[in-house]
Amino acid sequence: MHKYEIIIYWSERYGHYIAEVPELPGCMADGDTPESCLEMAQEVIQIWIDTAREDGWPIPEPKGRKLMYA
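See the structure below:
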């Protein structure tokens with residue numbers, strides 16, 4: 061499973077849930093349920109990464125959370 065941020069929301073216009081991956085430009089998926097949308101988003105992330113590697117594009121590291129230590 062990839063650790064990129066995935067935003068899932070309902071689209072009245074398309075009648076599906078939509079998943080956007082802000083850290084990977086143009087990386088989006090859809091599904092009938094939030095769960096199927098998330099599963100499809102994980103597949104599309106892998107396709108995005110594979111394509112970027114093949115074409116020599118930079119692949120952003122997932123932002124994750126910043127940890128602060130004292």
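Residue numbers (our numbering): 61 to 130. Glycine included, each C-beta is placed from N, C-alpha and C at the ideal position. Quantities reported herein were computed from a predicted structural model and do not represent experimental measurements.
- Across the set Pro82, Ile78, Gly91, the C-alpha of Pro82 shows the shortest separation from the C-alpha of Gly124.
- Remark: C-beta atoms of Ile105 and Leu84 approach each other more closely than 8 angstroms.
- One Cα belongs to Glu95, the other to Asp115, and the distance between them is close to 30 angstroms.
- For the set Tyr64, Ile66, Glu65, Ala89, the Cα lying nearest the Cα of His76 is the one of Ala89.
- Spanning the alpha carbons of Trp70 and Ile107 requires a straight line of approximately 23 angstroms.
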